[in-house]
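Input: a single structure, listed below in structure tokens.
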Amino acid sequence: MRIASLLASATEIVYELGLQDHLVAISHECDYPPDALTRPRLSRPHFDPTGLSSGAIDAAVRESMARHGSVYTIDEDLLRRLQPDLILAQAVCEVCAVPTSLAATVSEALGTRPRILSLDCHTVSDILDAVVFVAEAAGIVGRGRDVSRRLQGRLDRVAARVQGSAPPRVLAIEWLEPPFVPGHWTPEMITIAGGIDVFGAPARPSRQLTWEQISGADPDVLVIMPCGYGIDRARADAGRNAERLLAVAPRAVESGRAYVVDGSAYFNRSGPRMIVGVEILGALLHPERAPNIDLTNKAQVWKPSAISHQSLANL
């Protein structure tokens, strides 16, 4: 079987299932695991996001949708040469990754007619099911169920560790210019980790709010997790919006319970590393219950000064 992945989380699922030898192409955003980067890339965005602020990216996305009807384009010549049997995509968000509809349109125009599997995850359970769906498509359903059970076991261990602790109120911010609060699986991640998401709506799309709407939150914990950003870009974007963040989460910032995290790797993707995201949240929300969780390069305390860079490796 020849598999093409147009979704970063799907690429990670392929590797989690041990199907990497069947992977013939990846998307422009796929960056993990490192071995995947040896595959050719089938997609690219209509604009270069390098170095752009979240506000500039938001404007470029809106312009691309208006001009092209999509944020992305697919390399039709490469797709024709590769002739994949299975294409992995998603229809949850046409902005976050190449949408299933674009993959289908291009494939039909080429006459290749591969199977297109749309991994449309809205909940934690959906993510575990997606592992099984990819395994079924590859003819290894038993392995998929084993992997799904193993991942569920890790979630259960986090829930057991934090059980009985007072749940802190958590403000998670998924985008800063304009502000978005997370939906889909992220509020559920916070719940499993022993917190209360003050704005998130489980299994619903992420929501754009105004800073005025967020202004009265004053949460116990602030988690800054811009979609598609690693920890360094998240910290830089938080710095550009420091005054606003201080206004909406003064107690969290002053008490050292405001954090920037690697959203791209552990929170925004509907793949296996979402489990690590729950483990990270468990350690941030209940550090006394997770003394051995290594948060190096995964989460940092944020303050609008140099001290925001302190490591949480010894938390």
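Mapping of the sequence shown onto our numbering: position 210 corresponds to residue 212, and the numbering continues sequentially without gaps.
Backbone N, C-alpha and C define an ideal beta-carbon position, used for all residues, glycine too.
Tell me which residues share the same chain as Val143 and place their Cβ nearer than 6 Å to its Cβ, disregarding the 5 neighbours each side in the sequence. Ala137
Could you tell me which of His48, Ala219, Leu173, Ser257 sits nearest to Ile192, measuring between CA atoms? A check of alpha carbon separations from Ile192 across His48, Ala219, Leu173, Ser257 identifies Leu173 as the nearest.
Here's the rule I'm using: 16 or more other beta-carbon atoms within 10 Å means buried, otherwise exposed. How should Pro180 be labelled? Classification for Pro180: exposed.
Just to check my reading of the structure: Ser120 and Ala91 have Cβ atoms closer than 8 Å, yes? What is that Cβ distance to the nearest angstrom? 6 Å
Interface flag, Ser127 vs chain C, CB-CB below 8 Å: The chain inventory of the structure shown lacks chain C, comprising one protein chain alone.
Output yes or no for whether 8 Å exceeds the beta carbon distance between Leu54 and Ser29. Cβ distance not < 8 Å, so Leu54 and Ser29 don't count as in contact.
Rounded C-beta distance between Arg291 and Ser167? I'm assuming under 8 Å. 6 Å between Cβ atoms; contact.
Reducing DSSP to helix, strand and coil, say where Gln22 ends up. helix
Within a Cβ cutoff of 6 Å, which residues of the same chain sit near Tyr17, ignoring the five residues on either side of it in sequence? Pro35
Nearest-angstrom Cα separation, counted from Phe135 out to Thr102: 16 Å
Using CA coordinates, which residue listed in Val280, Ile198, His186 is at the minimum distance from Pro207? Comparing Cα-Cα distances from Pro207 to each of Val280, Ile198, His186, the minimum goes to His186.
Reduced DSSP secondary structure (H/G/I, E/B, other) of Arg41: Of the three classes helix, strand and coil, the one that applies to Arg41 here is coil, per DSSP.
Presumed contact (8 Å Cβ cut-off) between Met276 and Ile129, rounded CB distance: 6 Å
Rounded to whole angstroms, what's the CA-CA distance from Asp23 to Val255? Just pull it up for me. 46 Å
Looking at the structure shown, is Ala240 part of a helix, part of a strand, or coil, going by DSSP? helix
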